[in-house]
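Reviewing the structure listed below.
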Amino acid sequence: MTARKVGVFICHCGGNISDVVDVKDVREFAAKLDDVALATDFRFACSNEGQERLQQEIRERGLDGVVVACCTPKMYEDMFRAKAGEAGMNPYLLEIANIREQCSYAHRHEPDKATAKAKLLVKAQVEKVRKLRPLEVRTAPIQPGVAVIGGGIAGIHGSLLLANLGHKVTLIEKSPTIGGNMARTVKTFPTDDCAMCTLSPKMNEVYNHPNVTLLTYAEVVDAKRSPGKFTLTVEKKPRYVTDACIGCNRCTERCPVSTAKSPIQVESEWEMGLSKRKAVYLPFPQALPPLWTIDADHCFYFQKKGSCRVCQTICPAKAIDFTQKPERVEVAVGAVLVATGWKEYDPTPLAHYAYGRHPNVVTQLQFARMLDSMGPTSGVVAKPSDGKPADTIVMVQCVGSRGPPGDPVVHEYCSRVCCMVAVKHAQLLKKARPEAEVYILYNDLRAFGKGFEEYYAKSMEIGVKYVRGLPGRVRADGETLLVDVQDMNSGRRLALPADVVVLSAAMEPMPVDNLLAALHLDKSPDGFVKEYHAKINPTETAVKGVFVAGCAQGPKDITDTIAQAGSAAMSAAVFLGSGQMTLNPLVAEVDPALCRACDRCTEVCEFDAVRVDPQSLVAVIDETACEGCGKCTVVCPTAAISVRQFTKPQIVAAIDALAPLAVAP
Amino acid sequence: MTFEPQILAFCCNWCGYSAADQAGAAKMEYPSGVKIVRLLCTGMMDPYYVLRAFERGFDGVLVVGCHVGSCHYKSGNVQAREQVERVEQIVRALGLDGRVTMTAASAAEGNVFAEAARSFSEKLRKLGPNPIREVVAR
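Keeping their order, the protein sequence lines are chains A and B. Per our numbering, the first sequence starts with residue 851, numbered consecutively. Per our numbering, the second sequence starts with residue 58, numbered consecutively.
Written out as structure tokens, the structure reads:
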């Protein structure tokens, strides 16, 4: 191997280092090390002057290796590498010896020892640099376009922002319409805005946006990743209704499904099972696209071998087409925004609440449908058992949320929105029917958002009653229900009569495991999509180019969903706008001559970044997926895999340099 | 001359190394016999490095990664733990029992790093110098 020319630059850090470490001693020691062509020191390596000198020495002496002995590499390693690169040296031939945090700071009362250690740290990095080789920084162009998965408010808002920035958006929604859960929520707290009145214009905007391609009744069934590009396979379910549909509703009117005598009955998903729907239907009047859909699983034509063609016969636009088949399309994009949202927890396993056993026990989302003037009860809160108006309502908080760790049926997390949903629904009812009695049984009431506390106070003003305590039991007592609860403030045991009991059921992540697996995304312990960093990077994920918005990431109200979706869209736009992605060179590489295709690397890799090529029988690294953790390098039996800049010879060189015993000849 | 245990500390880039930085920045002192080698992840900690360290005279090897569940690379720290347990058996057979240890410290836990360094150093002081030193020196 030809001799290297390594420069050692020792920083005083304005005294932070030099007050403890004898910089002159370190410099003289470094100058004598093998391959060191220059050892010098300066007051501030990070100053403009320091950087210029570094560059000047690299140029003039033709250095092909640099050790900067200064503060932690977390501070200026990137900057020094960039400067070295500008001066014509490969940036990856530069290493930092951390003589501030690890010497002058940590051993400040032992200057001799700090100095001795600083010498060793410099020596270790010089030895490592001698083993380094130049790395090529490669880039891959980013495929234009973004896929947004999920057409609720998060996906709609994210799509609109990206589309308005000029990105081509493919919005993929698995149900027949966009709108998501927000469409069901009647009004939104704390302003009591009509949910549909605020949502519908956004639905229309995204539906009509020239930059948005909408794929509804469609699911992502597979995803493939290559540098800068995701190829999603989307399966479009057949609607059996063509674009010729004019929205006249005659098919729905005449469809025999769910009629009194029909053997096929279908509960309306939109009305949370509080009413029936036909097999051919529009989920709700503002649904977009405004296309009817035939639910083949509940249609006589499909279930009884073509026995019924009423809709086809009656359709004036000849829009019914029973021959449609599922269709697969490929969508190639540079970024993916996951906005798969949430579903309401099913409280059936909590038997003491009688949900599923008594028709007058409902969830908040069902109650929202009752409060909606367009809903199944035309906005009248009535007992589902007999349709008579309900005068006393008891709401129960934390149903399925805030359980003990490891509980098999109750989530440990707080769902964050249920307090305000209950306050909202109680107020809406009280405003409509002041004579109604509404109790909210709670454990802790969380009114933390802007305007929430005032909203909560207002509810008490208009007579909503709060009882601190969660019920032990909900039981039937003739026509009514009785809710047994101990008021924790007074200690009294109460048996509150209720016409309807409303359970504030938890928010749960949509079950989208296949999608997450296809995109290589992880879940947090709570089951929601794991973000890159919960605090400072909540919209990116560990997969470059995949972003997460709304309740897919965790329970959120609509305000927070909009804010977070906006942030996620911005992150996606910045990523897409850069046009190309830099591939981190500090990842694994395979020596094909040593690889014997044993597959151990593929077994330990958690990023699906390595596979054995069946033709060449050699492990191949996907450099966009590899994170450089090096697990594979440990399990490889032939040392065929190494992580660049952290190869075994490089690490061993550092170990030997630091060791008490000299290397045997 | 008093015996100053020489410790080789393998720190992952994200937690262990940052914890050591944090210890330094907060002026928490720990024995200068602790020498840190930065790895991207403790998952790349090869048992061979531990054996090499003992052959070269280190009195102990300390591995510092992220807490379980917080690994920047999902579970590199879990593999590191397995490897440490594996190599512990080997070093025990070599008469170096108790000279390898692994601990977890988040990037903010400078105190955890400093305390681990101090207590491990204290333990090694009691164990005495790595006996291999003498063998190799001979």
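Beta carbons are placed, not taken as given, at the ideal position from N, Cα and C, and that holds for glycine.
In terms of residue numbering, what span does the beta strand (DSSP E) encompassing residue i cover?
i, result
"S1492 of chain A", "I1491 to V1493"
"A889 of chain A", "V886 to F892"
"C920 of chain A", "G915 to C920"
"P991 of chain A", "R988 to P991"
"F1301 of chain A", "As written in the sequence, residue 1301 of chain A is Gly, which differs from the Phe given in the question. Unbroken run through G1301 of chain A: none, as it is neither H nor E."
"T158 of chain B", "V157 to A161"
"G133 of chain B", "Element bounds for G133 of chain B: not the beta strand (DSSP E) but the alpha helix (DSSP H), G133 to A150."
"L1065 of chain A", "V1062 to L1065"
"N1058 of chain A", "Careful: N1058 of chain A lies outside any beta strand (DSSP E), inside the alpha helix (DSSP H) at A1045 to N1058."
"K92 of chain B", "V91 to L96"
"K1193 of chain A", "W1192 to E1194"
State buried or exposed for residue i, treating a residue as buried only when at least 16 other CB atoms are found within 10 Å of its CB.
i, result
"M1122 of chain A", "buried"
"G1480 of chain A", "buried"
"L65 of chain B", "buried"
"K1300 of chain A", "exposed"
"K183 of chain B", "exposed"
"H959 of chain A", "exposed"
"H1148 of chain A", "buried"
"V144 of chain B", "buried"
"P1199 of chain A", "exposed"
"F67 of chain B", "buried"
"D1222 of chain A", "buried"
"E945 of chain A", "buried"
"P1515 of chain A", "Confidence in P1515 of chain A is poor, its pLDDT being 42 and thus under 50, which makes the residue's placement unreliable; the coordinate value appears in the next sentence. The residue is exposed, with fewer than 16 neighbouring Cβ atoms inside 10 Å."
"K1385 of chain A", "exposed"
DSSP puts residue i in a beta bridge; with which residues?
i, result
"Q1465 of chain A", "Looking at the DSSP assignment, Q1465 of chain A forms no beta bridge with any residue, so it has no partner."
"R1127 of chain A", "A:V1116"
"Y803 of chain A", "Examination of residue 803 of chain A is not possible in this model, given that chain A is present from 851 through 1515 alone."
"V857 of chain A", "A quick correction: the sequence has Gly, not Val, at residue 857 of chain A. Answer is A:L888 and A:V916, bridged to G857 of chain A."
"S1076 of chain A", "A:K1079"
"A997 of chain A", "A:T1020 and A:V1186"
"N948 of chain A", "A:C920"
Tell me the residue span of the alpha helix (DSSP H) that contains residue i.
i, result
"G900 of chain A", "N898 to R911"
"E179 of chain B", "G167 to L184"
"D875 of chain A", "V873 to A881"
"A1218 of chain A", "Q1214 to L1221"
"Q1414 of chain A", "I1408 to G1427"
"C1264 of chain A", "Counting along the chain, C1264 of chain A falls outside any alpha helix (DSSP H), and DSSP gives it neither H nor E."
"N1014 of chain A", "I1003 to N1014"
In chain A, which residues lie with their C-beta within 7 Å of the C-beta of residue i?
i, result
"F115 of chain B", "A1509 and P1510"
"I93 of chain B", "Q952"
Interface residues of chain A around residue i at Cβ under 8 Å?
i, result
"R175 of chain B", "Chain A residues near R175 of chain B: none, gap ~11 Å exceeds 8 Å."
"Q140 of chain B", "V1484"
"K180 of chain B", "Those within 8 Å of K180 of chain B in chain A number zero; the least Cβ separation is about 18 Å."
"G163 of chain B", "Just to set this straight, residue 163 of chain B is Ser in the shown sequence, not Gly. What S163 of chain B touches in chain A: nothing, since even the nearest Cβ is about 12 Å away."
"R190 of chain B", "P1510 and L1511"
Which bits of chain B does residue i rub up against, with CB to CB less than 7 Å?
i, result
"I1170 of chain A", "Chain B residues near I1170 of chain A: none, gap ~50 Å exceeds 7 Å."
"Y955 of chain A", "G81, A82 and K84"
"I1505 of chain A", "L65, V94, Y106, R109, A110 and R113"
"C1479 of chain A", "L97, C98, G100, M101, Y130 and G133"
"I1501 of chain A", "V94 and Y106"
"T922 of chain A", "D78"
Just the chain B side, please: which residues come within less than 8 Å of residue i by C-beta, in chain order?
i, result
"H959 of chain A", "E86"
"A964 of chain A", "S89"
"F1496 of chain A", "L96, L97 and M101"
"V1493 of chain A", "L97 and M101"
Cβ closer than 9 Å: which chain B residues qualify as neighbours of residue i?
i, result
"T1330 of chain A", "Within 9 Å Cβ-Cβ: nothing; T1330 of chain A doesn't reach chain B, min ~48 Å."
"D1372 of chain A", "K131"
"V876 of chain A", "What V876 of chain A touches in chain B: nothing, since even the nearest Cβ is about 14 Å away."
Is any heavy atom in the ligand NAP found nearer than 8 Å to the beta carbon of residue i?
i, result
"C123 of chain B", "The model on display carries no ligand, and the ligand NAP is accordingly not part of it."
Which residues of chain A have a Cβ atom closer than 9 Å to the Cβ of residue i, listed in chain order?
i, result
"Q136 of chain B", "V1454, C1479, K1481, V1484 and V1485"
"S75 of chain B", "T922 and K924"
For chain D, find out if any of its Cβ atoms is closer than 9 Å to the Cβ of residue i; answer yes or no.
i, result
"N948 of chain A", "Here chain D cannot be found, since the structure's protein chains are A and B."
Inset, instruction - Could you say if the region 74 to 94 of chain B and the region 1004 to 1023 of chain A meet the contact criterion of at least three C-beta pairs nearer than 8 Å? - result: no
Inset, instruction - Count the CB pairs spanning the region 1165 to 1172 of chain A and the region 1073 to 1085 of chain A that are closer than 8 Å, and state whether there are at least three. - result: no
Inset, instruction - Give a yes or no on contact between the region 1280 to 1291 of chain A and the region 1252 to 1265 of chain A, applying the rule of three or more CB pairs nearer than 8 Å. - result: no
Inset, instruction - For the region 167 to 178 of chain B and the region 112 to 131 of chain B, state whether three or more C-beta atom pairs, one from each stretch, are separated by less than 8 Å. - result: yes
Legend entry - Given 8 Å, three or more beta-carbon pairs between the region 1191 to 1210 of chain A and the region 1099 to 1118 of chain A: no
Legend entry - Contact the region 886 to 895 of chain A vs the region 868 to 877 of chain A: 3+ CB pairs below 8 Å: For the pair of segments examined, the region 886 to 895 of chain A was found to touch the region 868 to 877 of chain A: the number of CB pairs separated by less than 8 Å reaches three.
Inset, instruction - Give a yes or no on contact between the region 1241 to 1253 of chain A and the region 1343 to 1353 of chain A, applying the rule of three or more CB pairs nearer than 8 Å. - result: Three or more beta-carbon pairs drawn from the region 1241 to 1253 of chain A and the region 1343 to 1353 of chain A are found closer than 8 Å, and the two stretches are therefore classed as touching.
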